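A.B. asks:
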Amino acid sequence: MATGDFWELLRSRYNELTRSGRRVADYLAQHSEEAQYLSISALGAACGVAEATIFRFCRALGFAGYNEMKIALARANAAPGAAFRYELEPGTDTATLCTHASAVALEAIHGTRAALDPAAVDAAAALLQNARQVYCFGQGGSQLLANDIWARFASVCNKFHTAGDSHMQTICASLMGPGDVVLYVSYSGSTRDMMETLHVAKSNGAAVLLFTHNAASPGAALADVVLLCGAPESPVDSASIAAKIAVLFAAEVLEMRFTLDNRDETARARERTRRALDGKRL
1 MATGDFWELL RSRYNELTRS GRRVADYLAQ HSEEAQYLSI SALGAACGVA
51 EATIFRFCRA LGFAGYNEMK IALARANAAP GAAFRYELEP GTDTATLCTH
101 ASAVALEAIH GTRAALDPAA VDAAAALLQN ARQVYCFGQG GSQLLANDIW
151 ARFASVCNKF HTAGDSHMQT ICASLMGPGD VVLYVSYSGS TRDMMETLHV
201 AKSNGAAVLL FTHNAASPGA ALADVVLLCG APESPVDSAS IAAKIAVLFA
251 AEVLEMRFTL DNRDETARAR ERTRRALDGK RL
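So the sequence shown is numbered by UniProt numbering: it starts at 1 and just counts up by one.
(1) What runs of the beta strand (DSSP E), each 3 residues or longer, lie entirely inside the UniProt domain "SIS" (124-260)?
(2) Applying the criterion that 16 or more other CB atoms from any shown protein chain within 10 Å of the CB defines a buried residue, is C172 buried or exposed?
(3) Please report the residue range of the alpha helix (DSSP H) in which S20 lies.
(4) Out of S186, A246, K280, G230, point me to the one whose CA is closest to A220's CA.
(5) When the Cβ atoms of the stretch 191-198 are set against those of the stretch 129-149, are three or more pairs found closer than 8 Å?
(6) When the distance is taken between beta carbons, is A201 closer than 7 Å to V182?
(7) Could you compute how far the alpha carbon of G44 sits from the alpha carbon of A25?
(8) Between the Cα of Y14 and the Cα atoms of L61, A35, R281, A46, which residue gives the shortest distance?
(9) Let me know if G177 comes out buried or exposed under the rule of 16 or more other beta-carbons within 10 Å of its beta-carbon.
(10) Can you tell me the Cβ-Cβ gap for L228 and A215, rounded? I've got them flagged as a contact below 8 Å.
(11) If distances are taken between C-alpha atoms only, which option among F258, M168, A246 comes closest to V104?
(12) If distances are taken between C-alpha atoms only, which option among F57, N130, H167 comes closest to E16?
(13) Among H213, D278, E255, M256, which residue has its Cα nearest to the Cα of A114?
(14) If you run the structure through DSSP and keep just helix, strand and coil, what is Y37?
(15) DSSP three-state label for F57, please.
(16) Under 8 Å by Cβ, that's how I've got A124 and L254 pegged, so tell me the actual separation to the nearest angstrom.
(17) Could you give the residue range of the alpha helix (DSSP H) that holds A64?
(18) Just the C-alpha distance for D261 and Q129, rounded to the nearest angstrom, thanks.
(19) Excluding sequence positions up to five away, which residues of its chain have a Cβ less than 6 Å from the Cβ of G179?
(20) Can you check whether the CB of Q36 is closer than 7 Å to the CB of A74?
(21) Could you tell me the boundaries of the alpha helix (DSSP H) in which T92 lies?
(22) Can you name the start and end residues of the alpha helix (DSSP H) that R274 belongs to?
(23) Which residue from I40, I71, E51, R22 puts its Cα closest to that of F6?
(24) Using only CA atoms, which one of I54, A206, N158 lies nearest to T170?
(25) Could you check the C-alpha separation between A251 and S12 for me, to the nearest Å?
(26) Assuming C157 and A269 form a contact by the criterion Cβ under 8 Å, report the distance between their Cβ atoms to the nearest whole angstrom.
(27) Compute the beta-carbon to beta-carbon distance between L127 and L209, rounded to the nearest angstrom, for a pair I have assumed lies under 8 Å.
(28) What are the boundary residues of the alpha helix (DSSP H) that includes E8?
(29) Determine the burial state of G164: buried for a count of at least 16 other Cβ atoms within 10 Å of its Cβ, exposed for fewer.
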């Protein structure tokens with residue numbers, strides 16, 4: 001679908017929608033920029049309708065599913081004349097780009113600071129402290145973030161692990177038990193591979209700690225502890241640097257809480273890892 005056609009399509013088919021479908025359409029028209037960041041469950045909650053209604057709404061507009069509709073909405077918001085805060089014009093000078101990137105990064109940090117619940121951080125740190133093993137998982141760009149978090153914790157404690165693709169993660173989950181923890185990074189909180197892995201882990205008694213932007217996502221509903229990240233991410237700008245900054249900021253707060261609660265052990269571990277790496281430096 002061409003950029004900007006979403007609103008024309010919505011207007012042309014509005015009268016064909018059900019009463020619930022019109023409620024969704026009205027919400028999108030009034031909250032277009034916020035709506036492009038919502039999961040299907042979060043949009044359903046905001047509109048007061050079931051997820052199945054959202055799916056039928058998307059099909060009524062001719063989309064294959066929710067993600068296709070959300071991408072069309074995001075493209076329409078980014079089209080010329082639409083309100084889109086981060087649109088940059090061709091020919092923008094590099095100094096302006098630096099200012100822009102700085103503002104985006106700071107907004108990600110401030111947004112996460114506002115969204116992050118200190119009680120949730122405390123609960124997450126306790127979960128990690130009492131865990132037998134901790135497995136840091138994600139998919140795509142989120143797996144890279146999970147690896148970063150694993151590397152951060154692995155320098156002070158050898159019970160942190162990671163695994164590559166969704167198949168290996170599911171295998172790991174199938175061998176988990178009570179006392180194990182899955183630390184999962186999913187900004188949307190709504191991916192099939194994640195839900196499959198988490199269901200397997202939970203069925204074996206493992207606990208789940210989720211880093212996500214969407215408190216109303218299916219992943220958040222399944223998690224024992226949720227750490228919310230505050231940077232919005234457009235469907236047409238997935239794996240954005242702002243989203244990565246938000247996750248890593250929340251992870252850094254968690255790591256500080258964990259190490260402060262285990263100060264003597266982490267101090268000894270850092271000294272051992274420092275000595276081990278000394279010979280690798282020129």
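Yeah, the Cβ is synthetic: ideal placement off N, Cα and C, and Gly gets one too.
Remember, predicted model here, so these are calculated numbers, not experimental data.
C.D. replies: Let me lay it out:
(1) Runs of the beta strand (DSSP E) inside the UniProt domain "SIS" (124-260): 133-138, 160-162, 180-185, 207-212, 225-228.
(2) C172 comes out buried.
(3) It spans 19-30 - the alpha helix (DSSP H) in which S20 sits, taken as one unbroken run.
(4) The alpha carbon of A220 has as its nearest neighbour, out of S186, A246, K280, G230, the alpha carbon of S186.
(5) Yes: the two stretches touch, three or more of their Cβ pairs being nearer than 8 Å.
(6) For V182 and A201, yes; Cβs fall inside 7 Å.
(7) Spanning the two alpha carbons is a distance of roughly 12 Å.
(8) Relative to the Cα of Y14, the nearest Cα in the group L61, A35, R281, A46 belongs to L61.
(9) By the neighbour-count rule (16 or more Cβ atoms within 10 Å), G177 is not buried but exposed.
(10) Here L228 really is in contact with A215; their C-beta atoms are around 6 Å apart, less than 8 Å.
(11) Ranking F258, M168, A246 by Cα distance to V104 puts A246 first.
(12) Cα-wise, what sits closest to E16 is F57.
(13) Nearest of H213, D278, E255, M256 to A114, Cα basis: H213.
(14) Under the three-state reduction of DSSP, Y37 is assigned to coil, being neither helix nor strand.
(15) Reduced to three states, the DSSP call for F57 is helix.
(16) Sure, about 6 Å apart at Cβ, within 8 Å.
(17) Premise fails: A64 is in no alpha helix (DSSP H) and is neither H nor E.
(18) A straight line joining the alpha-carbon of D261 with that of Q129 spans about 8 Å.
(19) Hits under 6 Å: R132.
(20) Yes, the pair counts as a contact, with Cβ atoms nearer than the cut-off.
(21) Following the DSSP letters along the chain, one finds T92 in no alpha helix (DSSP H), marked with neither H nor E.
(22) From DSSP, the alpha helix (DSSP H) with R274 extends over 263-278.
(23) Nearest to F6 by C-alpha distance, out of I40, I71, E51, R22, is I71.
(24) Distance from the Cα of T170 is smallest, within the candidate group I54, A206, N158, for A206.
(25) About 46 Å.
(26) 6 Å between Cβ atoms; contact.
(27) With 8 Å as the limit, L127 and L209 qualify as a contact, their Cβ atoms being about 6 Å apart.
(28) Per DSSP, E8 belongs to the alpha helix (DSSP H) from 5-13.
(29) Exposed is the call here.
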